[in-house]
């Protein structure tokens, strides 16, 4: 460093000495003449030394710093840090070595509210696990992370990570620690849905299989020669096999829909004849349940982009459910409105309705408002889940409005 400083000094001094060379030369000549004239040599030397010192001072580089071509690296790093942290979609807190919050990014403000600068972390974060993790990292300088769950304002699961960082600059200054929250709520929710799905599917298949096994053992044993019991048991076994077949078909339908959910259908489908076909195909079921299906459609065609077979499945599910679960109202109203690619189909029953707490969940797989009623009506618990997946692929919405004692309205909006 000293060699470099000397080098810089002489590089700055050379042009100055070159500019003053005639003064230095003249002073040397005067000093020699003074010595020849009998003036004391020491006096001449002292005069020349003073003159040279004055020239050196005049020629020395200025003590003021040279203007910089660019900001210092540290300052540039700090200036870029704040907008970079604000651009992240995950909450980030910058913590000082004294456990105070020096900065929070925009995502952290949205998630946890505004934290005043210089607030202690323990005053805003109540999780002992997070606080202990931060203190350990401050003490050891090692990166740590834990999984943390929030209950308010809504259920959320985060991977919380703390790591040391040398930032510098006046804004955040020196050695700090970054506390980040990575939201894995959706991943956990999908894992839970997957495990619930496997458990529910296993349960739904186990029940008819257990019934079949029991009936087969009975027919092979005590009822071997009982024709009346055999006739009864064979009828029940046929119902159970049919139920398993419907369940497997619905599971396969869901799997197919999930594979192509990102691909929107491109065919033009006229909803007027399609709804007429669905009404006619469900007429025998409605007659058995003593329910009338009323269909109201416009005279002109109503085209939407879609897959005809999938849309038939949607409206068969909705109208069949309305007939079965709204049987008490004796009537199901189906109404189509719209034109030019905009369409809306409403399916209204006048049955007992659905309690408000169940409405947000009835499109989940295997979710039932009344398990016994659903099984008695031969439902698999997957019909509305299939409807939701099909409409998602068609970029359409399913709206549900229900009042207990007044009935339920399902609206499909394209």
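Residue numbers (the UniProt record's numbering): 1 to 414.
Using N, Cα and C, we set each Cβ at its ideal position, and we do this for glycine too.
Since this is a predicted model, take the numbers as computed values, not measurements.
task: Output the distance between the C-alpha atoms of residue 172 and residue 108, rounded to the nearest integer angstrom.
output: Taking the chain shown and counting its residues from 1, the one referred to as residue 172 is at position 172. Taking the chain shown and counting its residues from 1, the one referred to as residue 108 is at position 108. With a pLDDT of only 49 at residue 172, under 50, the local geometry of the prediction cannot be trusted, and no value is derived from it.
- prompt: Do the CB positions of residue 383 and residue 349 come within less than 8 angstroms of each other?
  reply: Within the chain shown, the letter at position 383 stands for residue 383. Within the chain shown, the letter at position 349 stands for residue 349. Not closer than 8 angstroms, so no.
- prompt: Mind checking residue 93: buried by the 16 CB within 10 Å criterion, or exposed?
  reply: The residue given as residue 93 occupies position 93 in the chain shown. By the neighbour-count criterion, in which 16 or more other beta carbons inside 10 Å mark a residue as buried, residue 93 falls on the buried side.
- prompt: Under the rule that 16 or more other beta-carbon atoms within 10 Å means buried, what is residue 239, buried or exposed?
  reply: Within the chain shown, residue 239 is the residue found at index 239, counting from 1. Exposed: under 16 other Cβ atoms inside 10 Å.
Sequence-distant residues of the same chain with beta carbon closer than 6 angstroms to residue 289, five excluded per side: Here residue 289 is taken as the residue at index 289 of the chain shown, counted from 1. Around residue 289: 323, 327.
message: In the DSSP output, which residue or residues are listed as bridge partners for residue 275?
response: Your numbering for residue 275 matches position 275 in the chain shown. In the DSSP output, where bridge partners are listed per residue, residue 275 has none listed.
Check whether residue 334 and residue 294 have beta carbons under 8 angstroms apart: Locating residue 334 in the chain shown gives position 334, where the first residue counts as 1. Locating residue 294 in the chain shown gives position 294, where the first residue counts as 1. Contact flag set, yes.
query: By Cβ distance below 7 angstroms, which residues in the same chain neighbour residue 62 in space, the five residues on each side in sequence not counted?
result: Mapped onto the chain shown, residue 62 falls at position 62. Because residue 62 sits at a pLDDT of 46, beneath the cut-off of 50, its placement in the model cannot be relied upon, and the following sentence gives the value as read from the coordinates. Taken in chain order, the list of residues that qualify is empty.
field: Own chain partners of residue 396 with C-beta closer than 7 angstroms, once the 5 adjacent residues on each side are dropped
entry: Along the chain shown, read from residue 1 onward, the residue named residue 396 stands at position 396. Excluding residues within five positions, the ones whose Cβ falls inside 7 angstroms are 412, 413, 414.
task: Measure the beta-carbon distance from residue 363 to residue 399 and round it to whole angstroms, keeping in mind my assumption that it falls under 8 angstroms.
output: Taking the chain shown and counting its residues from 1, one reaches residue 363 at position 363. Taking the chain shown and counting its residues from 1, one reaches residue 399 at position 399. Rounded, the Cβ-Cβ distance is 11 angstroms, inconsistent with contact.
task: Determine the DSSP secondary structure at residue 405, reduced to helix, strand or coil.
output: For the purposes of this step, residue 405 is identified with residue 405 of the chain shown, where counting begins at 1. In this structure, residue 405 counts as coil in the three-state DSSP scheme.
message: Can you confirm whether the segment 248-256 touches the segment 270-279 when touching is taken to mean that 3 or more C-beta pairs between the two stretches lie within less than 8 angstroms?
response: no
- request: Measure the Cβ-Cβ separation of residue 305 and residue 268 and say whether it is below 8 angstroms.
  value: Your numbering for residue 305 matches position 305 in the chain shown. Your numbering for residue 268 matches position 268 in the chain shown. Yes, Cβ-Cβ distance for residue 305 and residue 268 is below 8 angstroms.
query: Distance, Cα to Cα, residue 123 vs residue 99?
result: To locate residue 123, count along the chain shown from 1; it is residue 123. To locate residue 99, count along the chain shown from 1; it is residue 99. Spanning the two alpha carbons is a distance of roughly 10 angstroms.
query: What are the boundary residues of the beta strand (DSSP E) that residue 343 is part of?
result: Residue 343 sits at position 343 when you count from the first residue of the chain shown. Start and end: 342-349.
- prompt: Nearest-angstrom Cα distance between residue 128 and residue 405?
  reply: Position 128 of the chain shown, counted from the start, is the residue given in the question as residue 128. Position 405 of the chain shown, counted from the start, is the residue given in the question as residue 405. Cα to Cα, residue 128 sits roughly 49 angstroms from residue 405.
- request: List the residues that DSSP assigns as beta-bridge partners of residue 384.
  value: Start at 1 with the first residue of the chain shown, and residue 384 comes out as number 384. According to DSSP, residue 384 bridges with nothing at all.
Enclosing beta strand (DSSP E) for residue 161 [first to last residue]: As a position in the chain shown, residue 161 is number 161, starting the count at 1. Where residue 161 is concerned, the enclosing beta strand (DSSP E) stretches over 156-166.
task: Alpha carbon to alpha carbon, how far is residue 188 from residue 236? Give it in angstroms, no decimals.
output: Reading the chain shown from its first residue, position 236 is the one you call residue 236. Reading the chain shown from its first residue, position 188 is the one you call residue 188. Cα to Cα, the separation comes out at about 40 angstroms.
Other residues of its chain near residue 223: CB distance less than 8 angstroms, five sequence neighbours each side excluded: In the chain shown, residue 223 corresponds to position 223, counting from 1. Counting only Cβ-Cβ distances below 8 angstroms, and skipping sequence neighbours, we find 229, 230, 233.
message: DSSP three-state label for residue 89, please.
response: Counted from its first residue, the chain shown places residue 89 at position 89. Residue 89 falls in the coil class under three-state DSSP.
message: Since residue 121 and residue 105 should fall inside the 8 angstroms C-beta cutoff, what is the C-beta to C-beta distance between them, to a whole number of angstroms?
response: Here residue 121 refers to the residue found at position 121 when the chain shown is read from its first residue. Here residue 105 refers to the residue found at position 105 when the chain shown is read from its first residue. Not confirmed; about 15 angstroms, so no contact.
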